[in-house]
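Read the structure below first, then the notes.
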Amino acid sequence: MDLKGKRVILASGSPRRQELLAGLSIDFEIDTRNSFEEKYNPETPHSLVPALMSEGKSKGFHRDLEEDEILITADTMVLCFPQGEGGMEQSPILGKPHSREDAERMLKLLSGRDHEVITSVTIRDRHRMLTESDSTIVSFKDLSNEEINHYIEHFKPYDKAGAYGIQEWIGYIGITGIKGSYFNVMGFPTHLVYRMLQEFIE
């Protein structure tokens, strides 16, 4: 992609986002310094939270952008569909687990169910900001306690929304189907990022 003299900054410490952006053959630098505090109103529709978080990260970047700079931020959340009638009004949000117990709770919640992975991407320069989101439906088989414990013990998924990585062991043995972008589940919908950058630079 011809960046037309623009310098791309990825404001994410995620190794997966860094790997996927590099896979688009785009030169970029990494700068994760940010003042944004990741909080949201519980009454906000949960499907909108990733976009609010991504835009918050962009606006909270630690300095003003130069004329030739483009900033990319992203946020991924897992929404676990409620089961049965008369349950929760909104699908519960699963972010990154704070502990082993939290990771175990999340994986037990995802076991044997479908869930939605939403990643929002924000691209900004000094003059405008663009945010778009992508959604993927993921199906898990019933996971045994032994499988959950093995995964947490050996892969320590504390930096992953929903406490799992689709590209890791738990994805190999547990995921029975996906509808949508595989890379979106990894936290960076590459097709969307590429198109957004093209539109942004034109």
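Just so we're aligned: the sequence shown equals residues 1019 to 1220 in the numbering used here. A virtual CB, placed ideally from N, CA and C, is assigned to each residue, including glycine.
When C-beta atoms of the segment 1062 to 1073 are compared with those of the segment 1192 to 1208, fewer than three pairs fall below 8 Å, so the two segments do not count as touching.
Residue environment: residue 1121 is assigned as buried (16 or more neighbouring CB atoms within 10 Å of its CB, all protein chains considered). Considered as a whole, the segment 1110 to 1156 harbours 1132 to 1142 as its complete beta strand (DSSP E) runs of no fewer than 3 residues, in chain order. DSSP lists 1140 as the beta-bridge partner residues of residue 1091. In this structure, residue 1051 sits away from residue 1204, with a CB-CB distance that is not shorter than 9 Å. Taking the CA atoms as reference points, residue 1096 sits about 28 Å from residue 1217.
The Cβ atoms of residue 1021 and residue 1206 do not sit closer than 9 Å to each other. Within the same chain, 1166 come within 7 Å of residue 1126 by CB-CB distance, once the 5 residues on both sides are set aside. Per the coordinates, the alpha-carbon of residue 1092 lies some 28 Å from the alpha-carbon of residue 1191. Out of 1089, 1148, 1175, the CA that lies nearest to the CA of residue 1119 is found in 1175. Under the DSSP assignment, residue 1189 falls outside any beta strand (DSSP E), being part of the alpha helix (DSSP H) whose first and last residues are 1187 to 1192.
By the C-beta density criterion, residue 1142 is buried, having at least 16 other C-beta atoms within 10 angstroms. With a cutoff of 9 Å on beta-carbon distance, residue 1110 and residue 1172 are scored as not near each other.
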